[in-house]
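*Asks:* Take this structure, written in structure tokens, and hold onto it; I'll ask about it next.
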Amino acid sequence: MPRIAYVNGRYIPHQSAQIHIEDRGFQFADGIYEVVALMDGELRDEVGHLDRLERSLGEIGIAMPMPRRVLQIAMREMVRRNRIKNGALYIQVSRGIAARDFKFPSPAVRPTLVMTLRHMTFDIPARKAAAKPVITVPDIRWKRRDIKSTALLGQVLAKQIAVNEGAAEAWMVDDDGFITEGASSNAWIIDAKGRLITRPAAHNAILKGVTRSALQALCKQEGIELVERAFTPKEAYKAREAFTSSATALIMPVSSIDGHKIGNGKIGPVTDKLYDLYMEYAMNPSRKEQKWNPR
Ligand code: PDD
Numbered sequence: 462m463p464r465i466a467y468v469n470g471r472y473i474p475h476q477s478a479q480i481h482i483e484d485r486g487f488q489f490a491d492g493i494y495e496v497v498a499l500m501d502g503e504l505r506d507e508v509g510h511l512d513r514l515e516r517s518l519g520e521i522g523i524a525m526p527m528p529r530r531v532l533q534i535a536m537r538e539m540v541r542r543n544r545i546k547n548g549a550l551y552i553q554v555s556r557g558i559a560a561r562d563f564k565f566p567s568p569a570v571r572p573t574l575v576m577t578l579r580h581m582t583f584d585i586p587a588r589k590a591a592a593k594p595v596i597t598v599p600d601i602r603w604k605r606r607d608i609k610s611t612a613l614l615g616q617v618l619a620k621q622i623a624v625n626e627g628a629a630e631a632w633m634v635d636d637d638g639f640i641t642e643g644a645s646s647n648a649w650i651i652d653a654k655g656r657l658i659t660r661p662a663a664h665n666a667i668l669k670g671v672t673r674s675a676l677q678a679l680c681k682q683e684g685i686e687l688v689e690r691a692f693t694p695k696e697a698y699k700a701r702e703a704f705t706s707s708a709t710a711l712i713m714p715v716s717s718i719d720g721h722k723i724g725n726g727k728i729g730p731v732t733d734k735l736y737d738l739y740m741e742y743a744m745n746p747s748r749k750e751q752k753w754n755p756r
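Positions in the sequence shown are counted from 1; adding 461 to them yields the working numbering.
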């Protein structure tokens, strides 16, 4: 079964899918992306990801390449053609192809839309059992982290430092000494009093994770206290529990931060509970937050 990619309206064998060398996504990272988890044949939190895609595109003045409803049909066609039930759907929209020039092409050119689908397993018991180390690194990124830009060099370098140090994720620290988020995830801790803490998404210091928003809503629904405030690595070292959240890593329990063991180095009770709540939510696509919602 060959993998199929989507490039500007065409479904193409993955290995021969191409875009032009003067695509602005390639030359300037002038584009936006989304990663949507496909679990049991359903695109999870599709509406949240499409809302964020539209918002990010709007923030940098790129038009949606097609109406949302048509994009949703193409997303489903990708799932159908790849015959994958579990994985990650990658969607990228760039400003399009134009001779290299910093300013926007005028008149505007057609945005480039690319999608790929990759198989992935979501073995939840195994994931829960695999708490992983994280390290901290300086956050060297640009200031509009609310925009899901394809300009990811800061994150690429952070993640490589983590890998070099045997860690699964890098938590980035801003110039004031506070953790912003992971290289490709949001960062959470549970303090000594059992309070769940994560950095606020206001002020654009972090990406407003779709998984984060789902967890936030679940906390509200379940009466779990959530404090949105920034925290330092020093505070995180003393946390009872810590985890990261993202569409593909879901909830990743953290075993240590910069070598400081968190709890007993395994998933803690609050993280475990949130994981169950999140999975119940994620595996129930009839919930209104996730529903097929063509506009
Ligand atoms: N990354 N923060 C950053 C910097 C991210 O790159 C991501 C996701 C998140 C979590 O967002 P969400 O819950 O919507 O996935 C937070 C994706 C998975 C990636 O780049 O592959």
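Backbone N, C-alpha and C define an ideal beta-carbon position, used for all residues, glycine too.
Could you tell me which uninterrupted beta strand (DSSP E) segments, each at least 3 residues in length, are contained entirely in the region 535 to 610, listed from first to last along the chain?
*Replies:* With a minimum length of 3 residues, the continuous beta strand (DSSP E) runs that stay inside the region 535 to 610 are 548 to 555, 573 to 580, 593 to 599.
*Asks:* Would you decide whether residue 716 is buried or exposed? Buried here means 16 or more other CB atoms lie within 10 Å of its CB.
*Replies:* Counting from 1 along the sequence shown, the entry for residue 716 is found at position 255. Buried, since its Cβ has 16 or more Cβ neighbours within 10 Å.
*Asks:* Any heavy atom of the ligand PDD inside 7 Å of the beta-carbon of residue 516?
*Replies:* As a first step, residue 516 is located in the sequence shown; it is residue number 55 there, counting from the start. Not under cutoff, so the answer is no.
*Asks:* Figure out for me which residue from 575, 482, 625 has the closest Cα to the Cα of residue 408.
*Replies:* Beyond the ends of the chain as shown, which are 462 and 756, falls residue 408; an answer cannot be given.
*Asks:* Kindly provide the ranges of any alpha helix (DSSP H) runs that are 4 or more residues long and lie completely inside the region 641 to 691, ordered along the chain.
*Replies:* The region 641 to 691 contains these whole alpha helix (DSSP H) runs: 671 to 683.
*Asks:* Express the C-alpha separation of residue 466 and residue 618 in angstroms, rounding to a whole number.
*Replies:* The count along the sequence shown starts at 1 and reaches residue 618 at position 157. The count along the sequence shown starts at 1 and reaches residue 466 at position 5. For residue 618 and residue 466, the distance between alpha carbons rounds to 27 Å.
*Asks:* Note the first and the last residue of the continuous beta strand (DSSP E) segment covering residue 517.
*Replies:* By one-based count along the sequence shown, residue 517 stands at place 56. Not the beta strand (DSSP E): residue 517 falls in the alpha helix (DSSP H), residues 507 to 520.
*Asks:* Indicate, with yes or no, if the ligand PDD has a heavy atom lying under 7 Å from the CB of residue 732.
*Replies:* Reading the sequence shown from its first residue, position 271 is the one you call residue 732. Not under cutoff, so the answer is no.
*Asks:* Using the Cα positions of residue 476 and residue 539, report the straight-line distance between them to the nearest angstrom.
*Replies:* Looking up residue 476 in the sequence shown gives position 15. Looking up residue 539 in the sequence shown gives position 78. Whole-angstrom Cα-Cα distance: 15 Å.
*Asks:* Would you mind stating whether residue 719 and residue 736 have Cβ atoms separated by less than 8 Å?
*Replies:* Translated into the one-based positions of the sequence shown, residue 719 becomes position 258. Translated into the one-based positions of the sequence shown, residue 736 becomes position 275. No; because the gap between Cβ atoms is not below 8 Å, this pair is not in contact.
*Asks:* Just verifying my parser: in three-state terms, what is the DSSP assignment at residue 622?
*Replies:* As a working mapping, residue 622 is identified with position 161 in the sequence shown. Helix.
*Asks:* Report the rounded CA-to-CA distance for residue 633 versus residue 640, giving the unit in angstroms.
*Replies:* What you label residue 633 is simply residue 172 of the sequence shown in a count that begins at 1. What you label residue 640 is simply residue 179 of the sequence shown in a count that begins at 1. So the two alpha carbons sit approximately 6 Å from each other.
*Asks:* Let's test the definition: count the other Cβ atoms within 10 Å of the Cβ of residue 567 and tell me whether it reaches 16, buried, or not, exposed.
*Replies:* Walking along the sequence shown from the start, residue 567 turns up at place 106. Its Cβ having fewer than 16 others within 10 Å, residue 567 is exposed.
*Asks:* Residue 722 bridges to which residues according to DSSP?
*Replies:* By 1-based counting over the sequence shown, the position of residue 722 is 261. Answer is 717.
*Asks:* Which whole-angstrom value is the C-beta distance of residue 496 and residue 526, which I expect to be below 8 Å?
*Replies:* Taking the sequence shown and counting its residues from 1, one reaches residue 496 at position 35. Taking the sequence shown and counting its residues from 1, one reaches residue 526 at position 65. Not a contact, Cβ separation roughly 17 Å.
*Asks:* Give the DSSP-derived three-state secondary structure of residue 753 in the structure shown.
*Replies:* Position 292 of the sequence shown, counting from 1, holds the residue named residue 753. Below a pLDDT of 50, predicted positions are generally treated as unreliable, and residue 753, at 47, falls in that range; the measurement from the model is reported next regardless. Looking at residue 753 - three-state DSSP - the assignment turns out to be coil, as it is neither helix nor strand.
*Asks:* Grab the span of the beta strand (DSSP E) containing residue 631 for me, first residue to last.
*Replies:* Translated into positions along the sequence shown, residue 631 becomes position 170. Element bounds for residue 631: 630 to 634.
*Asks:* Return the bridge partner residues of residue 470 from the DSSP annotation.
*Replies:* Working through the sequence shown from its first residue, we reach residue 470 at position 9. Bridge partners of residue 470: none, in fact.
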